[in-house]
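Note that our numbering gives residue 1354 to position 105 of the sequence shown, counting from 1, and the numbers run on in steps of one.
In this text, a Cβ means the ideal position worked out from N, Cα and C, and glycines have one as well.
All values derive from a computational prediction rather than experimental measurement.
See structure below.
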Amino acid sequence: MTKLASSILEIIRMMIMMMIVTAVLGSMEHQLLKSWIPWEELYFLFLFAGNVCWFLVLYRNRLQFSGWYRSAETQRKLSRNATRTIAALGALLIATPVILTWLTA
């Protein structure tokens, strides 16, 4: 029962951290990009997806080790290639509004 309770607490912790990180980063990116390009509401999806990718890397490589849930499967970091790939995908998704604006101009 304690593993179930600790895993539920860890999921709640992860969701709260993800909401905070994506809200803060998304707001900063929105303000920066809005000054560069004409803003469309669809661009929030790209920013959100990119920030979720970055949060995944941050969580799996750092934050999961300070949480409540402990098991052998959760004590591994992402591989170097996976970290680079996911972080690059996140950067590409965040840069997508600028790229789309340049391609359609």
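Exercise. With 16 as the cutoff for other CB atoms within 10 Å, does residue 1290 come out buried or exposed?
Worked result: When all chains shown are included, residue 1290 counts as exposed.
Exercise. Do residue 1343 and residue 1293 have their C-beta atoms closer together than 8 Å?
Worked result: No; because the gap between Cβ atoms is not below 8 Å, this pair is not in contact.
For this session: Examine the Cβ distances between the segment 1275 to 1291 and the segment 1301 to 1315 and report whether three or more of them are shorter than 8 Å.
Result: Of all C-beta pairs linking the segment 1275 to 1291 to the segment 1301 to 1315, fewer than three are shorter than 8 Å, placing the two stretches out of contact.
For this session: Tell me where the alpha helix (DSSP H) around residue 1303 begins and ends.
Result: According to the DSSP assignment, residue 1303 belongs to the alpha helix (DSSP H) that extends over 1292 to 1310.
Exercise. Between the C-alpha atoms of residue 1268 and residue 1336, what's the straight-line distance to the nearest angstrom?
Worked result: Annotation: residue 1268 to residue 1336 spans about 18 Å, alpha carbon to alpha carbon.
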